[in-house]
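Using UniProt numbering, you'd call the opening residue of the sequence shown number 1 and step up by one each time.
Each residue gets a CB set at the ideal place from its N, CA and C atoms; glycine is no exception.
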Amino acid sequence: MINKILNGWRISFLLNLVIFLVQQLGLYYILFEYNKLILLLCLFDIYIFIHFFFNNSQSFSAVKGGKCWVLYVYSISIKVIFMYFFAFNDNFFLADMTKDYYNKCVIFLLLNLSTLIYTALSVKSYKQLYEDDITISNEKLFHNDLILHVVIDLFDMFELLFTLVKMSYIIKNTNFWIKIMGGVLISFSLYLNAYSFPIISIVPEKNNKNLDLGDIYFCKKHAAMIGIILVDIPFMILRFYFLAFFFSNIHFQPLLIKNICFIPIKCKAIKNCNFIFEQLKKNIHHSNKHTKNKYINSQQTCTYDSYLKNGRQKKKSSLIYNTNNFVSLTVAFRNSVDIRSIASIRNEINNNRALKNKTGEKQMGKMGKMGKMESHLG
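What follows is the structure, encoded as structure tokens:
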């Protein structure tokens with residue numbers, strides 16, 4: 001009973017709702033002190049919360065979870081742009097500098113809750129993507145690797161955001177283009193990670209085979225490309241820049257090692273995904289070829305069956321025709337025999353009549369002769 005109530009799916013569902021409420025309420029409470037226009041996003045976040053609340057179907061947990069993640073990332077991206085370019089500008093600070101600094105630290109922690117939301121939504125999607133929880137497949141391994149890389153990249157984005165925000169306390173007159181470039185990279189990479197959530201796994205075919213549409217591998221390749229182009233390489237350059245020019249003020253950051261190491265790792269992941277795509281194309285081609293051959297064989301079988309059927313019908317019709325001819329010939333023969341028999345009967349009757357007439361005439365002649373003899377004797 002406890003296992004049914006406290007299973008992974010229910011825990012993920014409740015965790016998403018609680019984390020989303022805590023994160024959004026905390027962000028609105030803090031950002032409202034800097035710029036009251038943040039309240040304009042309330043309706044959009046209420047709409048997202050409704051989607052999270054109705055994401056309670058295990059059969060569609062991946063599809064609904066993907067939609068929730070896309071909407072959620074849109075909301076977080078807008079908030080990041082708002083707080084970076086409008087709320088946390090260099091010309092506005094709270095009266096209490098200590099409170100201002102800790103507010104930004106709390107925002108950094110609240111933004112990192114996004115990693116938990118992504119993990120919880122991904123765990124919920126297992127019910128739809130994988131029917132068997134025990135079997136270990138390539139898809140599950142790639143999916144777990146995808147979750148790990150996306151979570152680390154999200155943490156990397158928010159850490160660089162916090163670094164750029166707190167630079168205003170450490171360095172006066174920070175390079176304007178550095179701040180602009182950092183804000184654009186963080187916002188754009190965060191926005192594109194909305195499409196790193198797989199919603200389709202395996203589609204069963206009629207021939208009892210499974211056709212893998214490659215959505216997990218596509219998301220893995222997408223996340224790896226975004227991570228290399230917009231996260232690891234530019235973030236590595238920015239961190240090297242900070243170390244080179246502001247070493248005494250900004251300490252060495254461990255995520256710089258992450259940026260360096262993840263570039264070859266993600267390149268290898270892209271290569272593996274491309275190899276899998278080639279295999280999937282071959283499987284789809286083989287499946288289509290098998291279906292085509294099956295269709296051709298069925299057509300040939302239907303043609304052969306129709307040929308046999310037509311042959312049987314022709315044979316049957318020829319037999320009927322021959323039988324009809326035989327019957328017609330028999331009837332004609334019988335009719336001819338009947339006609340001949342009637343003619344012979346008539347001839348016999350005429351012959352009998354002629355014989356009777358002849359015998360009658362002979363008898364009459366004899367009787368006449370006897371009468372004459374009697375008259376002579378008399």
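Three-state class that DSSP yields for residue i in the structure shown
i, result
"residue 16", "helix"
"residue 384", "The shown model of the chain, from 1 to 378, leaves out residue 384, and the question about it has no answer."
"residue 253", "coil"
"residue 58", "coil"
"residue 125", "helix"
"residue 332", "Low per-residue confidence applies at residue 332: pLDDT is 41, beneath 50, and the placement is therefore not dependable enough to give any value."
"residue 131", "coil"
"residue 326", "Because residue 326 sits at a pLDDT of 41, beneath the cut-off of 50, its placement in the model cannot be relied upon, and the point is left open."
"residue 189", "helix"
"residue 114", "helix"
"residue 264", "helix"
"residue 196", "coil"
"residue 246", "coil"
"residue 33", "coil"
"residue 88", "coil"
"residue 10", "helix"
"residue 205", "Because the pLDDT of residue 205 is 46, which lies under 50, any placement of that residue in the model is unreliable, and the number read from its coordinates should be weighed accordingly. Here residue 205 sits in coil by DSSP."
Own chain, CB closer than 6 Å to residue i, minus 5 neighbours either side, in chain order
i, result
"residue 104", "165"
"residue 26", "110"
"residue 253", "239"
"residue 162", "108"
"residue 259", "232, 235, 236"
"residue 34", "87"
"residue 400", "With the chain running from 1 to 378 in the structure shown, residue 400 is simply not present."
"residue 184", "none"
"residue 241", "none"
"residue 224", "266, 269, 270"
"residue 62", "125, 128, 129, 199"
"residue 192", "226"
Residues of its chain near residue i, where Cβ-Cβ distance is below 7 Å and the 5 sequence neighbours each way are ignored
i, result
"residue 119", "147, 151"
"residue 179", "164"
"residue 75", "41, 44, 45, 48"
"residue 16", "52, 117, 120, 121"
"residue 255", "156, 159"
"residue 182", "160, 164, 238"
"residue 85", "183"
"residue 19", "113, 116, 117"
"residue 273", "217, 220, 221"
"residue 24", "45"
"residue 140", "130"
"residue 355", "none"
Nearest-angstrom beta carbon gap, residue j and residue i [assumed within contact, 8 Å]
i, j, result
"residue 262", "residue 227", "6 Å"
"residue 69", "residue 194", "6 Å"
"residue 381", "residue 220", "This structure leaves residue 381 out entirely; the chain is present only between 1 and 378."
"residue 128", "residue 60", "6 Å"
"residue 30", "residue 106", "6 Å"
8 Å CB neighbourhood of residue i in its chain, flanking five on each side removed
i, result
"residue 190", "73, 76, 77, 80, 154, 157"
"residue 65", "55, 121, 122, 124, 125, 197, 199"
"residue 39", "28, 32"
"residue 322", "Caution is warranted here: a pLDDT of 47 is assigned to residue 322, below 50, making its placement in the model unreliable, and no coordinate value can be reported."
"residue 21", "49"
"residue 12", "120, 121, 123, 124"
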